[in-house]
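Here the structure is laid out as structure tokens; the discussion comes afterwards.
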């Protein structure tokens, strides 16, 4: 089953890295204020995401994006949208 690692831009300009099996539903939950980690920073904006084959791969990718060594990589994904790895959000919904 496909899982997604996603990047949200928060109202304070920070980037939140999340993980979900149902990307559309999870983004709606963020914007409805149902996710405590982002509820104080609405609205959120989905900047990019990537699909992974397994939950385990997704969690490893998500954890890697949250570590200090990968902050530059996270910035690059958001700002430069590397098409070979990250899909730019166009018509997700």
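Residue numbers (our numbering): 159 to 251. Ideal placement from N, C-alpha and C gives every residue a C-beta, glycine not left out. Just so you know, these numbers come straight off a predicted model, no measurement behind them.
Following the DSSP letters along the chain, one finds residue 181 in no beta strand (DSSP E) but inside the alpha helix (DSSP H) bounded by residues 181-189. Per the DSSP secondary-structure output, residue 163 pairs in a beta bridge with 177, 208. Looking at 165, 170, 169, the one whose alpha-carbon comes closest to that of residue 178 is 165. In this structure residue 174 touches residue 196 by the C-beta definition: roughly 6 Å separates them, less than 8 Å. For the pair residue 169 and residue 201, the CB atoms are nearer than the 8 Å cut-off.
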